[in-house]
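J.: Residue 377 in my numbering sits at position 372 of the sequence shown, with consecutive numbering throughout. Structure provided below as structure tokens; questions to follow.
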Amino acid sequence: MATDSIYNDTIFVSIVAYKDPHLQRTIQEALRNAANAKRIFFGIIEQERIEYRISPQKILYNGQIRYLGVDPIKSRGVCWARALAMTLYVGEDWFFQIDSHTMFDPGWDSTLITAAQNCSLKNPNFVISSYPFPFKIDGDKWVPEPFNSMVLVNVVKANEKFTDNLRLGFIAKPMNFEKAVQGFHVGAGCLFSTGRFVDTFPYDPQIYFSGEEQTISARLFTHGWDIFHIPRLPIYHLYEAVDVPTRPKHWDKSENEGRTLTHSTLSKASNTRVDSILSGAKDLGVFGLGHKRSLKQLASQFGVDYAQRIIEDSAYTGPTALLNSECEYSWDTNDTKLATYPKLIERLTEAITKSSQYAEHLEKIWLYRERIIVVDMNVGEHQIAFDITFKDFINLKVEMFDRKNLLDIQKIFPQISVNENKRLEVLKIKIQTNKIERHLVTAIDAVIGQLLKAI
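If you want it as structure tokens, here you go:
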């Protein structure tokens, strides 16, 4: 994208509000702090009684506000309202979903577009998302409270476990990265992507509240989209606190009086739908899972296994610098590959070079979506491929198209078995995840060195 697109690209801002006194201030703050306010267009769904609703015509740039007021008694919850807000989108370059109590840094629009352009080089199908830093209200002032400039990574809450359903709680964890990192869970109140997001992931109006973010995250992953957390996120959220007046909630008992469909009815149906999506048990079409990546791959990569109801430590702690490499990888046009992490590839190439006179025959090193490194080498009549999978251990599979030295290789590595096709099976090497890079380089050095000596 051209540099001038950072200033001129249009942004559709989706906001839904339920009896929120901060809605109008949020709109004004977004316009006031934008690098180019004229390119901001809002889709507003306000669930409020007529006498208390905002007046879009009184807000500067009122022609950029598409507004629908809804009687709160007829509201069916946040996802239903977000689905309505998406109908107000008319082809803007970017889609930005926020909550109705949000504060903005100066130039927030250009900051997000710049970050998005960088993320698009890593995967053109992406979202930038997180739970934002907080802000507080001091009299008439909105005061941001960024407690650091780290990346806020969404992780599973400590001690959170699966119970009788698949819904989990998540929090934002500050991590010391200077560049964007890949994550696995969105914050629905801060979701920035290309306009294609609207057509690809229409909001499911049948989900009530709980499970909103988990289902969106699973849909993104299985459709081949990536979630990125960026440093210095330029927006802030007004969280519930002792000194913050409590806003009415859709599920409050008083709010459900007179409703045909109560919170209880909507929530029960929604919970069933969420579980069916996360279990992959039901095909829900555009509201369901994709086919580019599986929930099994999600479990392997990020540690949340919905099928087995297992949560690995990595889901609580967040990504490591090595596995994500601060998103320093390139994008391959073949959608089945995620290409390379340069720092790790450099180390591997160096290890191979030092370990063997055959290093010049190295063809390529790839990192697949399933976090597998593939090292291809051609040595005379021999072709060697190492498949290395990150998890608790590394599976190292060596396939030799020349079979004559299989038994010699098996003597060196007793863990390797020879199948009926005279192919080498799997060699497992235990790797400590917190020291994976050092151990990996050492393992590759030793294995390649010994293997090539045996050939």
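By construction, the Cβ of each residue, glycine as well, lies at the ideal position given by its N, Cα and C atoms.
Between the beta-carbon of G82 and the beta-carbon of Y213, is there less than 7 Å?
T.: As a working note, residue 82 is residue 77 in the sequence shown. As a working note, residue 213 is residue 208 in the sequence shown. Y213 is positioned such that its CB atom lies closer than 7 Å to that of G82.
J.: Within a Cβ cutoff of 6 Å, which residues of the same chain sit near Q52, ignoring the five residues on either side of it in sequence?
T.: Working through the sequence shown from its first residue, we reach residue 52 at position 47. Closer than 6 Å at the Cβ level, and outside the excluded window around Q52, lie Y23, V75, P77 and S80.
J.: According to DSSP, simplified to helix, strand and coil, what is N170?
T.: As a working mapping, residue 170 is identified with position 165 in the sequence shown. Here N170 sits in coil by DSSP.
J.: In angstroms, rounded to a whole number, what distance separates the CA positions of E159 and D318?
T.: As a working note, residue 159 is residue 154 in the sequence shown. As a working note, residue 318 is residue 313 in the sequence shown. The amino acid at residue 159 is misidentified as Glu; the sequence shows Asn. Whole-angstrom Cα-Cα distance: 14 Å.
J.: Mapping the DSSP letters down to three states, classify I235 as helix, strand or coil.
T.: To locate residue 235, count along the sequence shown from 1; it is residue 230. In this structure, I235 counts as coil in the three-state DSSP scheme.
J.: Tell me which same chain residues have a C-beta within less than 6 Å of the C-beta of E217, skipping the five on either side of it?
T.: Here residue 217 refers to the residue found at position 212 when the sequence shown is read from its first residue. Excluding sequence neighbours, E217 sits near C84 and A193.
J.: Distance, Cα to Cα, N339 vs K63?
T.: Position 334 of the sequence shown, counted from the start, is the residue given in the question as residue 339. Position 58 of the sequence shown, counted from the start, is the residue given in the question as residue 63. Unreliable positioning characterises N339 in this predicted model, as indicated by a pLDDT of 35, which lies under 50. A coordinate reading is not provided.
J.: Excluding five sequence neighbours on each side, which residues of the same chain lie with their C-beta closer than 6 Å to the C-beta of P151?
T.: One-based indexing of the sequence shown puts residue 151 at position 146. Result list for P151: F138, in chain order.
J.: Below 8 Å on the Cβ atoms is my contact criterion, and I expect A223 with L303 to pass it. Report the Cβ-Cβ distance as a whole number of Å.
T.: Along the sequence shown, one-based indexing puts residue 223 at 218. Along the sequence shown, one-based indexing puts residue 303 at 298. Sure, about 7 Å apart at Cβ, within 8 Å.
J.: For L73, which residues from the same chain have a beta carbon less than 6 Å from its beta carbon, with the 5 sequence-adjacent residues on both sides left out?
T.: Numbered from 1 along the sequence shown, position 68 holds the residue referred to as residue 73. Only I50 meet the Cβ criterion.
J.: What are the partner residues of H242, as DSSP defines its beta bridges?
T.: Residue mapping note: residue 242 aligns to position 237 of the sequence shown, counting from 1. Under DSSP, H242 shares a beta bridge with T107 and P139.
J.: Helix or strand or just coil, what does DSSP make of K402?
T.: Your numbering for residue 402 matches position 397 in the sequence shown. Note that K402 scores 42 on pLDDT, short of 50, meaning its location in the model is unreliable; the coordinates nonetheless yield the value given after this. Residue state, collapsed to three classes: strand.
J.: For S19, which option in I103, F226, S125 and S135 has the closest C-alpha, if you only look at C-alpha atoms?
T.: Locating residue 19 in the sequence shown gives position 14, counting from the first residue. The shortest Cα separation from S19 among I103, F226, S125 and S135 belongs to I103.
J.: Assign G263 to one of two classes, buried (16 or more other C-beta atoms within 10 Å of its C-beta) or exposed (fewer than that).
T.: What you label residue 263 is simply residue 258 of the sequence shown in a count that begins at 1. Residue environment: G263 is assigned as exposed (fewer than 16 neighbouring CB atoms within 10 Å of its CB, all protein chains considered).
J.: Compare the beta carbon distance of D14 and I133 with 7 Å and say whether it is the shorter of the two.
T.: Position 9 of the sequence shown, counting from 1, holds the residue named residue 14. Position 128 of the sequence shown, counting from 1, holds the residue named residue 133. Not closer than 7 Å, so no.
J.: Mapping the DSSP letters down to three states, classify Y311 as helix, strand or coil.
T.: Here the question's residue 311 lines up with position 306 in the sequence shown. Y311: coil per DSSP, three-state reduction.
J.: Just how far apart, CA to CA, sit I55 and L300?
T.: The residue given as residue 55 occupies position 50 in the sequence shown. The residue given as residue 300 occupies position 295 in the sequence shown. Roughly 44 Å between the two C-alpha positions.
J.: Roughly how far, in whole angstroms, is the beta-carbon of A185 from the beta-carbon of I235, given that I think they are within contact range, below 8 Å?
T.: Indexing the sequence shown from 1 puts residue 185 at position 180. Indexing the sequence shown from 1 puts residue 235 at position 230. Right, the Cβ-Cβ distance comes to about 5 Å (below 8 Å), so this counts as a contact.
J.: Could you check where the beta strand (DSSP E) with V95 kicks off and where it finishes?
T.: Translated into the one-based positions of the sequence shown, residue 95 becomes position 90. Run containing V95: none; DSSP gives neither H nor E here.
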